[in-house]
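K.L.:
Chains as they are written, first to last, in numbering that gives the first Met the number 0: chain S, 0 to 339; chain V, 0 to 339. Using N, Cα and C, we set each Cβ at its ideal position, and we do this for glycine too. One structure follows; several queries about it will come next.
Number of protein chains: 2
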Amino acid sequence: MSKTAVSFAFNSPERLSAETAVRIREVADTLGYRPNPVARMLTQRQTMTLGVLTPQALAVIFSNPFFALFSEGVAHAAEDLGYELHFISPLHGSLALAMGRATVDGVVAIGLSADHPEVGQIRGAGLPMVLVDSDDLPEHSSVMVDDEAGARAAAEHVLGLGHRDVLIIAVEGPESPTGQPQRQGVTERRLRGYQAALDAAGISLRSDHIVAGRASIEGGASAFQRAWAAGTRPTAVLAMSDAMAIGAMRVAREQGLRIPDDMSVVGFDDIDLAAHVDPPLTTVHQPIRQKGADAVRLLLAEVEQREAYRPEHLRLETRLIVRGSTGPAPRERQEVTGAT
Amino acid sequence: MSKTAVSFAFNSPERLSAETAVRIREVADTLGYRPNPVARMLTQRQTMTLGVLTPQALAVIFSNPFFALFSEGVAHAAEDLGYELHFISPLHGSLALAMGRATVDGVVAIGLSADHPEVGQIRGAGLPMVLVDSDDLPEHSSVMVDDEAGARAAAEHVLGLGHRDVLIIAVEGPESPTGQPQRQGVTERRLRGYQAALDAAGISLRSDHIVAGRASIEGGASAFQRAWAAGTRPTAVLAMSDAMAIGAMRVAREQGLRIPDDMSVVGFDDIDLAAHVDPPLTTVHQPIRQKGADAVRLLLAEVEQREAYRPEHLRLETRLIVRGSTGPAPRERQEVTGAT
DNA sequence: TAGTGTCACTAAACCGGTTTTCTAAACCGG
DNA sequence: CCGGTTTAGAAAACCGGTTTAGTGACACTA
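Structure, rendered in C-alpha cells:
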C-alpha cells in the first residue's frame, strides 16, 4: 500500500474502496501505527490547541484559586469546541521564548500589559490573541472586569461601617527588569477604586498602608505579617484576592484579633470557598469562569475567520457580596489608629 | 542566503562567520521571522512538552482544588526542566483520540486504571507514561499514596470518638460504558480503609450509607443532600475529598446541624484551605504537590534515557490531621441512628 | 471497437524546518 | 608554487504526513 492510501484510510475513507480502507485500519491497529500528530500539524498548518499565556511561573499561578476557576471556564469552552489546552509560562525567564516553542493556534493571555518587556516579541509571533484582565492592546480582543467599581464598593462598604484606618493588600505583578515588583493592570485599577472611595471620604492613605505579595494564602499571610511587624494596626483590610484575605485572617487570628470584631477583612474574586471560610468572607464577586469561557469564544472567532476580524472588548460586572468578615469599626480603636 | 544558513544562525551560530550570523538574525527580526516550532519538532522528534492526562473533562477536574495543587507540583518540576505543559482530556468522549492529537514527549496520567476502556489504545501510542494514584500498569512508573491507611486512620478517629453511624461520601469515577459510575482506584482503596476500621469495630456499613458525587464542593453538597433527603442521619461523615467535605458541611448547617457538636466531618487531601474553613477541617493529609513533582521526575527519567529504563513505584505517606470538624458523638443520637 | 467515464489507487510535490554531505575559496607550510 | 587543510556557505536528503495530479483497468456508450 502507498502512504497515500494509508492517509486516505484515516482521513477520507470514501476515497478508497470500503474493503481496503478497513483492511488498512486493521493492519494499522495490529502494528500499533498512529499517524504522527506533529507531521499532521505541519501540513495542515493548524494544531487544534489553544494556549493560555501566564506572565508568571505556572507554579505560582496555580497557587491562586482564581486560576483554577478561570481554567475551568477556559477548559469548558475549549473542550466543547474540540481544542486541546497548552499552558505557556516563562521559559528560563522569557515568555517570548516559551511562546516561540508553543504550537498553538491562538493564545489567551492573562494580564499582559503594554509595558511588558517582551510584549513586542509576543505579538511578533503573529498569533491570534485575546487579553484577559487587560485591554492595553486595542487591536486584540479583551475580556475585562470592572475592577475599579468593585474595589470602590469594597472600600465604601468598610468606610460605611466606620473604619478609618485601612490596610490594602495588593497583588504584586511580575518583577520588572530592575527587580522592583510593578504596580500595574489589575492591581493598579483596584487600587484606584480603593483610593477613590478613600478620597471621597477625606481619608488619606499612608504609603506604608499598602503592602503587596503573591496572590495566594501564603502571600497574603506574609504581607499582613510584614505590615503587622512594622507596627501597622488597621481596623480594616482590603485584599485584592480572596486567597490573600484568607491568609491575612489567619495571621490576624494568630495575633489574637477577632474577625470581624477587632478587624474587618474584604477579599476580591469570590472564589467558591469564600463562603465557607471562618468567618465567611465579604468579597467582591467577579464572574471568573465566564471570563475564561468568553476569552476562548472571542479567540476562536479570530482563529476561525482570520480575514474580516474585528476585535471585541468585553467588560463584565463585579459586585460586592457582604458576608461575615466585615463589621462595625471597634470603638476604642477608632482613635488609636496607627499605634506602633 | 540559503535556508541552511538561517537554520545555523539560530541553532549553531558557531558554524557561521560571526558577521553573517548576526546579519541573518537582524534580518529575521525586522521581517518578524520565527522558526516554525512544528517543523522543528518534526525533525527533532521531540516536542519539549509534557502531557497531563485526565480521564475526565478538564472543567470538572479543575473544580477540585486537589488538582490545582497537583498541577502546581507538576508545573514546578516541568518548568525547572524546560518543558511546557499540555493538558489532555477526553475529546468527544475519547481519551485515545485526544491522546492521538497531543504532541508530547511523555504523559503523566491521573488515576488511569487497567480497566479503563481505552487503556489499550492509550498505551498503544507508545509514549513514556507515569501513573499517579494508580499502579495498575506495572511496566509504567507510578506515584501513589497510602490511601487505605489514610482512610483507616480517618475512620478509626471518628470511631474512637464514639460515632457508630457513619456516612461515606465517595468520589465517583468516570462513567463506565453502561452509564454506571465506577468504584475503582482511589475510591476503592479508601473505601477499603474505611471498611477495615468499621469491621474491626464490629460495625456493619449499610449500602445506603455510601453516596458518591463529583470531587468538588457542589458534588459533596448534593451527595450529602441526597443522603439527607433519603432519611440518613449519620453522626459522622467520612468524605473522600476536602472539597466534598466542605460541601457536606454547608448543607448540614443549612439543615440546622452544628459541626462538630451534632455531626463530625473528616475530609481527605488537606488542601491549603482545609485549615481555614469553618470549622477547620479534620482531614487526611497527602503530599499533593510532591506527587506532581515526583511524577514529572520519574517521567523525565524515562523520556531522557529510554533505553535502559526501569519503572519505579513510589508510595508516599498519608497522615491524619485532627482539627475542629470532629468531636465526640452526640449522646442522644447514639441510640437513634438511622431515623427516617 | 474505439471513445469516454469512473473507480481505485499511486507518484510526486509540498509543509518548514534540521542535518549530513559537498564544494569552492582561502590559508598554510615546505 | 603546489598539494593538503580549514573555513563559509550551499545542495540535497530527510522528518512523516497531506494533497494534487496522474495512471491503468474496467465498464459503458455509440
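Based on the DSSP secondary-structure assignment, which residues constitute the bridge partners of Phe69 of chain V?
P.N.:
The partner list for Phe69 of chain V (beta bridge, DSSP) is empty, contrary to what the question assumes.
K.L.:
Whose C-beta lies closer than 8 Å to the C-beta of Thr325 of chain V among residues of the same chain, with five residues either side of it excluded?
P.N.:
So the qualifying residues of the chain are His156, Val157, Leu160, Ala235, Pro259, Ser263, Val264, Val265, Thr281.
K.L.:
Would you list, in sequence order, the uninterrupted beta strand (DSSP E) runs of no fewer than 3 residues that lie entirely inside the segment 130-169 of chain S?
P.N.:
Entirely contained in the segment 130-169 of chain S, the beta strand (DSSP E) runs reaching 3 residues are, in chain order, 140-144.
K.L.:
Are the segment 49-68 of chain S and the segment 88-106 of chain S touching, with three or more C-beta to C-beta distances below 8 Å?
P.N.:
Yes, since at least three Cβ pairs between the segment 49-68 of chain S and the segment 88-106 of chain S fall closer than 8 Å, the two stretches touch.
K.L.:
Whole angstroms are fine: how far does the CA of Val131 of chain V sit from the CA of Gln304 of chain V?
P.N.:
So the two alpha carbons sit approximately 21 Å from each other.
K.L.:
For a quick check, are the C-beta atoms of Ile109 of chain S and Thr186 of chain S less than 8 Å apart?
P.N.:
No. Outside cutoff.
K.L.:
Is the distance from the Cβ of Leu57 of chain S to the Cβ of Ser88 of chain S below 8 Å?
P.N.:
Closer than 8 Å, so yes.
K.L.:
Return the bridge partner residues of His75 of chain S from the DSSP annotation.
P.N.:
His75 of chain S pairs with nothing; no bridge assigned.
K.L.:
Where Arg314 of chain S and Asp145 of chain S are concerned, what is the direct C-alpha to C-alpha distance, given to the nearest angstrom?
P.N.:
Going from the Cα of Arg314 of chain S to the Cα of Asp145 of chain S covers about 7 Å.
K.L.:
Determine the chain V residues that contact Phe86 of chain S at a beta-carbon separation under 8 Å, and present them in chain order.
P.N.:
Chain V residues near Phe86 of chain S: Ala74, Glu83, Leu84, His85, Phe86.
K.L.:
Using a Cβ-Cβ cut-off of 8 Å, state whether Val131 of chain S counts as contacting chain V.
P.N.:
So no, Val131 of chain S is outside the interface.
K.L.:
Does any C-beta atom of chain S lie closer than 8 Å to the C-beta of Arg322 of chain V?
P.N.:
Arg322 of chain V does not count as touching chain S.
K.L.:
Check whether the Cβ of Asp114 of chain S lies closer than 8 Å to any Cβ atom in chain V.
P.N.:
Cβ-Cβ to chain V under 8 Å: no for Asp114 of chain S.
K.L.:
To the nearest whole angstrom, what separates the beta carbons of Ala124 of chain S and Gly99 of chain S, a pair I think is in contact under 8 Å?
P.N.:
Right, their Cβ atoms sit about 7 Å apart.
K.L.:
Using a Cβ-Cβ cut-off of 8 Å (strictly less than) and excluding sequence neighbours within five positions of Val335 of chain V, which residues of its own chain qualify?
P.N.:
Caution applies to Val335 of chain V, whose pLDDT of 44 falls short of 50 and renders its modelled position unreliable; the value that the coordinates give is listed next. Cβ within range, chain order: Arg232.
K.L.:
Pro12 of chain S CB to nearest chain V CB: under 8 Å?
P.N.:
So, not an interface residue.
K.L.:
Taking Cβ-Cβ distances shorter than 8 Å, what residues in chain S pair up with Asp207 of chain V?
P.N.:
Result: empty, since nearest Cβ-Cβ is about 27 Å, beyond 8 Å.
K.L.:
Beta-carbon within less than 7 Å of Ile287 of chain S's beta-carbon, same chain only, minus the 5 sequence neighbours each way: which residues are those?
P.N.:
Counting only Cβ-Cβ distances below 7 Å, and skipping sequence neighbours, we find Phe65, Leu68, Phe69, Gly72, Asp268.
K.L.:
Quick one: which residues of the segment 287-303 of chain V get their C-beta closer than 7 Å to a C-beta of chain S? List them in chain order.
P.N.:
Those would be none; no residue qualifies.
K.L.:
Tell me whether Phe61 of chain V sits in a helix, a strand or coil according to DSSP, three-state version.
P.N.:
Note: Phe61 of chain V maps to coil in three-state DSSP.
K.L.:
Quick one: grab the DSSP three-state call for Thr325 of chain V.
P.N.:
DSSP places Thr325 of chain V in coil when its eight states are reduced to three.
K.L.:
Note down, in chain order, every chain V residue with its Cβ under 9 Å from the Cβ of Ser62 of chain S.
P.N.:
Going along chain V in sequence order, the residues near Ser62 of chain S (Cβ under 9 Å) are Ala67, Leu68, Glu71, Asp271.
K.L.:
Classify Glu25 of chain S as buried or exposed, calling it buried when 16 or more other Cβ atoms lie within 10 Å of its own Cβ.
P.N.:
Label assigned to Glu25 of chain S: exposed.
K.L.:
Please go through the same chain and pick out, in chain order, the residues whose beta-carbon is closer than 8 Å to the beta-carbon of Ala8 of chain S, but skip the five residues on each side of it.
P.N.:
Taken in chain order, the residues that qualify are Leu15, Thr19, Ala20, Ile23, Arg24, Ala27.
K.L.:
Going by DSSP, name the residue or residues bridged to Gly212 of chain V.
P.N.:
V:Val170, per the DSSP bridge assignment.
K.L.:
Can you tell me which residues form a DSSP beta bridge with Ser93 of chain V?
P.N.:
Looking at the DSSP assignment, Ser93 of chain V forms a beta bridge with V:Leu90.
K.L.:
Would you check if the distance between the CB atom of Ile168 of chain S and the CB atom of Ala251 of chain S is smaller than 8 Å?
P.N.:
Not a contact, by the Cβ cut-off of 8 Å.
K.L.:
Using alpha carbons as the reference points, say which of V:Ala77, V:Gly81, V:Arg122 lies closest to Ala97 of chain V.
P.N.:
Per the Cα distances, V:Arg122.
K.L.:
Name, going along the chain, the residues of the segment 30-43 of chain S whose beta-carbon falls closer than 7 Å to a beta-carbon of chain V.
P.N.:
Cβ contacts with chain V: Gly31, Arg33, Pro36, Val37, Ala38, Met40, Leu41.
K.L.:
Check the C-beta distance from Gly212 of chain S over to Ala150 of chain S and give it rounded, since I have them as a contact under 8 Å.
P.N.:
About 17 Å separates the two Cβ atoms, so there is no contact after all.
K.L.:
For Arg148 of chain V, tell me which candidate among V:Pro116, V:Ala74, V:Arg249, V:Arg188 has the shortest Cα-Cα distance.
P.N.:
Looking at the sequence itself, residue 148 of chain V is Ala, so the reference to Arg does not match. For Ala148 of chain V, the nearest C-alpha among the options comes from V:Arg188.
K.L.:
Chain V beta carbons: is any one of them nearer than 8 Å to that of Thr46 of chain S?
P.N.:
Taking Cβ atoms only, chain V reaches closer than 8 Å to Thr46 of chain S, which makes this a yes.
K.L.:
Using a Cβ cut-off of 8 Å, pull out every chain S residue sitting near Ile245 of chain V, in sequence order please.
P.N.:
In chain order: Leu272, His275.
K.L.:
With 7 Å as the C-beta to C-beta threshold (strictly closer), list the residues of the segment 225-249 of chain V near chain S in chain order.
P.N.:
Cβ contacts with chain S: Ile245, Arg249.
K.L.:
If you draw a straight line from the alpha carbon of Ile320 of chain S to that of Arg318 of chain V, how long is it in whole angstroms?
P.N.:
Approximately 36 Å, taken between the alpha carbons.
K.L.:
Based on the DSSP secondary-structure assignment, which residues constitute the bridge partners of Ile360 of chain V?
P.N.:
Residue 360 of chain V is absent from the model: chain V starts at 0 and stops at 339.
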